[in-house]
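This report refers to the structure that appears directly beneath it.
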Amino acid sequence: MTISLPLPLFSTTRLLCRRWVLEDFDALYQVYSDPEVMRWVGNGEPLTQSACDQWFKVTEANYAKRGYGMFALEDTESGLVVGFCGLVHPGGQPEPEVKYAFLRSCWRKGYASESVPALLAYGAANHGLLHIIGTVAPDNLASQRVLVRSGMRLTCQRQNEDGSLTNVYHWRAPDNAPCGC
2 MTISLPLPLF STTRLLCRRW VLEDFDALYQ VYSDPEVMRW VGNGEPLTQS ACDQWFKVTE
62 ANYAKRGYGM FALEDTESGL VVGFCGLVHP GGQPEPEVKY AFLRSCWRKG YASESVPALL
122 AYGAANHGLL HIIGTVAPDN LASQRVLVRS GMRLTCQRQN EDGSLTNVYH WRAPDNAPCG
182 C
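Residue numbers (my numbering): 2 to 182.
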């Protein structure tokens, strides 16, 4: 059986970004059920299969409503899904937020630093997203470096409902950026 994959949304030197398909579910679950990956995501708890299934459905709804959401990242050489990235509106927040996570075996390979700037440019050029935020736990130095390298700047810290703090980074599209408005 041949799987028909969605057209690429953008590509980088080593990665191809596309919408999720059902065949990505195993990779999705592998990433988001890993306690070490989830240490920095949401409440820090690994996701269950049921939660991943629900997230998959929410992402499909985001594609229909906004034209964007979370996306699969494939290694262009192997064709394997190595992680996920996307632009989302957690809790219905008005500004889009950049999100990404990778299989732990794919950490420290520069995939985040490669995909995030391309994702920001994609959001501006294809969806008119000229202001995008990123949120990072103060102890997650690796993700802070990724966001800074991607042109985002730390603007504030906000307190979460549980009392923990989150660093908030902002990105503004360059004045000469193509805009999908």
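All residues carry an ideal CB built from backbone N, CA and C; glycine is no exception. Bear in mind the structure is a predicted one, so any value in this text is a computation, not a measurement.
Return the chain-ordered list of same chain residues with a C-beta closer than 6 Å to the C-beta of Q158, the five sequence neighbours on each side being excluded. Here residue 158 refers to the residue found at position 157 when the sequence shown is read from its first residue. So the qualifying residues of the chain are L166 and N168.
Which of the three DSSP states is assigned to Y257 in this structure? Examination of residue 257 is not possible in this model, given that the chain is present from 2 through 182 alone.
Go ahead and label R109 buried or exposed: buried means 16 or more other beta carbons lie within 10 angstroms of its beta carbon, across all protein chains shown. Here residue 109 refers to the residue found at position 108 of the sequence shown. R109 is exposed by the Cβ-count criterion.
Closest by CA to L23, which one among K58, G124 and T156? The count along the sequence shown starts at 1 and reaches residue 23 at position 22. The shortest Cα separation from L23 among K58, G124 and T156 belongs to K58.
Proximity of G70 and V89 at Cβ, strictly below 8 Å: Position 69 of the sequence shown, counted from the first residue, corresponds to residue 70. Position 88 of the sequence shown, counted from the first residue, corresponds to residue 89. A contact, by the Cβ cut-off of 8 Å.
Give the straight-line distance between the Cα atoms of H132 and A125, rounded to the nearest whole angstrom. Position 131 of the sequence shown, counted from the start, is the residue given in the question as residue 132. Position 124 of the sequence shown, counted from the start, is the residue given in the question as residue 125. Going by the C-alpha atoms only, they are around 8 Å apart.
Would you decide whether D25 is buried or exposed? Buried here means 16 or more other CB atoms lie within 10 Å of its CB. Start at 1 with the first residue of the sequence shown, and residue 25 comes out as number 24. Per the 10 Å Cβ criterion, buried.
Beta-carbon spacing of L121, W172 below 8 Å: Numbered from its first residue, the sequence shown carries residue 121 at position 120. Numbered from its first residue, the sequence shown carries residue 172 at position 171. Taking 8 Å as the Cβ cut-off, L121 and W172 qualify as a contacting pair.
On the three-state DSSP scale, how would you describe R173? As a position in the sequence shown, residue 173 is number 172, starting the count at 1. If DSSP states are grouped into helix, strand and coil, R173 belongs with the strands.
Kindly indicate the opening and closing residues of the alpha helix (DSSP H) around H128. Here residue 128 refers to the residue found at position 127 of the sequence shown. Note, H128: alpha helix (DSSP H), Y112 to H128.
Can you pull the DSSP bridge partners for C86? Position 85 of the sequence shown, counting from 1, holds the residue named residue 86. Residue pairing by DSSP places C86 opposite F72 and Y101 in a beta bridge.
Range of the contiguous alpha helix (DSSP H) that encloses V32: One-based indexing of the sequence shown puts residue 32 at position 31. Run containing V32: F26 to Y33, per the alpha helix (DSSP H) assignment.
From which residue to which residue does the alpha helix (DSSP H) around V149 run? Taking the sequence shown and counting its residues from 1, one reaches residue 149 at position 148. For V149, the uninterrupted alpha helix (DSSP H) run begins and ends at L142 to R150, by DSSP.
Leaving aside the five residues before and after T3 along the sequence, list all residues of the same chain whose C-beta is less than 7 Å from its C-beta, in chain order. Translated into the one-based positions of the sequence shown, residue 3 becomes position 2. Any reading at T3 must be qualified, since the residue scores a pLDDT of 46, below 50, and its modelled position is unreliable; no value is offered.
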